[in-house]
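Heads up: the structure comes next, in structure tokens.
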Amino acid sequence: MAHELPIRTSNGGQPDAGILRLPTELISAICCMLCFHCRGGRVVDATSKAVTAAYEDQMAISALSRCSRGLRDKAQPILFHWYHDLEEEDYGRQQRHLERFVEAIIRKPHLAASVKALAFYQPTLSSSHSHLSYAQARARRTYEVDRIFRPTAISLGPGHLARRANSSQPALHVELRDLAIALCPALSQLCFHDIPIPAEDEAPEYNWTTWSYPLPSLTTLVFPGTRTRIRRKEATYHIREATYLLRHAPSLHTLIAPDCGGAGGGRRHLFLDHHHDNDDDDDDEAWDVGPLPALRTLSLNGIGMTVLARILRCCPALQDLEYLDEPASERVWVVLDPARDLGHLRGTLRRLCYSDGNNNGVFFYCGARHDDGPGMAPDGLGFAGFGVLEVLEIEQFLLYGPVFAPSDSRFPGNGVCLRETTGENFLVKLPASLRRLRVGAVIYWPAMYRDLLALVEQQCARFPRLEAVAVEVYRAPPRYQAEHLAGVFAAAGVAFSVARARSPRAALSGLLPARPGRREIVPLSMVYPESDYSESYYSESVSSDSEESGESLPWQ
């Protein structure tokens, strides 16, 4: 919610005398309270609702900066801490928004030095309205815009911006966006949503994939691709296209890259049925960024295990890994191997969230085809050797391994049986350092119930730091068993919850939290008596909390 300030801003109205008498320290404090970035946290991939509220607060800072010269000197640098293009669907409006921002930081370099966070979302061209606004934006490229872009781009030295400035092509949204990034030496957070405009499909030396400008302060990069269908053929990127940009960000701490598995390299279309990288997996140059010594947090999906393994080898100090596996085919199934792929992180990894996005593995391991591919170890994935791992989020079939057998494969958990295992088979996979355990996509409750009882019995001796356990099941377990587990865990001082998992069709984000382009799939509350397994029960209400913004902009 925007804060109310005692300021009159209409048509050059005079400010209230009271606010002009406030100490400058208090004015700065008020501006910091209103600034989204100053309030802390990662702001470049915030929800649309949060961004809309923060934008209203930013407009209040803008109004404050126009009250007097003294207030402007205090408020304007804070105003420029954070820029977000509000995910405009109108290409022309977004272009005008960006032009005003870039013109301001060129005209006043001290404002460029104040920029801390930038969020750019390229508008799609899927509607006739967007195509029209794009054509209008191209038609209005005039001397005024090029007068801003060209000399500034050339002054930055050799690079794709200078090459573009020396070409005959006009400066459009992507060039102005790249220029804004290169002009901000204190930039610490960046959201960079790249959907190249089809008409602008040019050689790499003219776009960001050959990035050559220093990003010394960049610690957080959110780099979403775009999930599309074949018939729409909207373009996205492959994570390897970010190689040069990442090389120029030596302080990078957090990399969030949803849907980063587009073909890249001139074949920039993402097809939903080809998430495993096919021939890209055999390309030795698929990831050649070099070491990322400062990287602590990594979240990826859309790429295959081979490319992921290359990336992980560049991250010697990684502490938090989220990976959503999306196999192209049940016959091509490569599972993360903790020893092989994460062995070098045994002493650093504190959180792992590993998920199969569509739960195809449930059907794969419950079916008769589990010998067709490389699969996983017969006893599943184990993490006992990870001495500092505190949070583990993983699906049951990945943790247990290919031990399930089908009796009725119409739906997971419906007639699935388990080959012979014991509670100890479960416990030996968990690290002694574990604080929080989340097991998703539980398809066989009897084994889960048995193993959770074994866990709480051994908690004091083997898992003394355990604080919380959560499980997500496809079918409601017997009520007395759920209540029994809650009671015994509570007696041990451990929080316990059981919820109903979404159906595989709905769980497109797996266990991963919300990211740009992906909503978090929140499990359903457990209700007794259990309701029927109807399709409507799994229907997901998806509503947009974004609102169309007006033309009022703070960058004037």
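Counting along the sequence shown from 1, when you hit position 544 you're at 539 in my numbering, and nothing is skipped either side.
Where a beta carbon is used, it is the ideal one built from N, C-alpha and C, also for glycine.
Leaving aside the five residues that flank residue 111 on each side, the residues in its chain whose CB is nearer than 7 angstroms to its CB run, in chain order, 32, 76, 77, 181, 182, 183, 184.
The beta carbons of residue 433 and residue 462 sit no closer together than 8 angstroms.
Secondary structure of residue 184 (DSSP, three-state): strand. Residue 116 has 188 as its beta-bridge partners, per DSSP. When rounded, the separation of the alpha-carbon atoms in residue 241 and residue 305 is 15 angstroms. With a minimum length of 3 residues, the unbroken runs of beta strand (DSSP E) contained wholly in the stretch 285 to 337 fall at 292 to 296, 315 to 320. Ranked by how close their Cα comes to the Cα of residue 469, the residues 441, 321, 73 have 441 in first place.
Residue 330 places its beta carbon less than 8 angstroms from that of residue 393. Under the criterion of beta carbons closer than 8 angstroms, residue 285 and residue 309 qualify as touching, at roughly 7 angstroms.
Apart from sequence neighbours up to five positions away, the residues of its chain that approach residue 38 with a beta-carbon distance below 7 angstroms are 31, 32, 77, 112, 184, ordered along the chain. By a beta-carbon distance limit of 8 angstroms, residue 290 does not contact residue 307. Their separation comes to about 10 angstroms.
Excluding five sequence positions before and after residue 177, the CB atoms of its chain that fall closer than 7 angstroms to its own CB belong to 151, 156, 208, given in chain order. At the C-beta level, residue 429 and residue 376 stay beyond 8 angstroms of one another. Our two residues, residue 516 and residue 494, have alpha carbons roughly 12 angstroms apart in a direct line.
In this structure, the straight-line span from the alpha carbon of residue 338 to that of residue 174 is close to 40 angstroms. Residue environment for residue 380: exposed (fewer than 16 other C-beta atoms within 10 angstroms of its C-beta). A Cβ-Cβ separation of about 12 angstroms leaves residue 210 out of contact with residue 237 under the 8 angstroms criterion. Beta-bridge pairing by DSSP links residue 249 to 215, 292. The DSSP-derived three-state label of residue 75 is coil.
When the alpha-carbon of residue 341 is set against those of 350, 315, 319, the nearest one is in 315.
Bounds of the beta strand (DSSP E) holding residue 387 are 386 to 390.
For residue 171 and residue 141, the gap between their C-alpha atoms comes out near 10 angstroms.
CA-to-CA, the gap between residue 35 and residue 475 works out to about 44 angstroms. Taking the Cα positions, residue 160 is about 35 angstroms away from residue 64.
Distance from the CA of residue 416 to the CA of residue 443, rounded to the nearest whole angstrom, comes to 11 angstroms. Straight across, the Cα-Cα distance linking residue 453 with residue 390 is about 22 angstroms. With a cutoff of 8 angstroms on beta-carbon distance, residue 347 and residue 319 are scored as not near each other. When the five nearest sequence neighbours on each side are left out, the beta carbons in the same chain lying within less than 7 angstroms of the beta carbon of residue 288 are those of 311, 312, in order along the chain. CA-to-CA, the gap between residue 214 and residue 248 works out to about 5 angstroms.
For residue 427, no alpha helix (DSSP H) run applies, since DSSP gives it neither H nor E.
Nearest to residue 114 by C-alpha distance, out of 350, 79, 521, 449, is 79.
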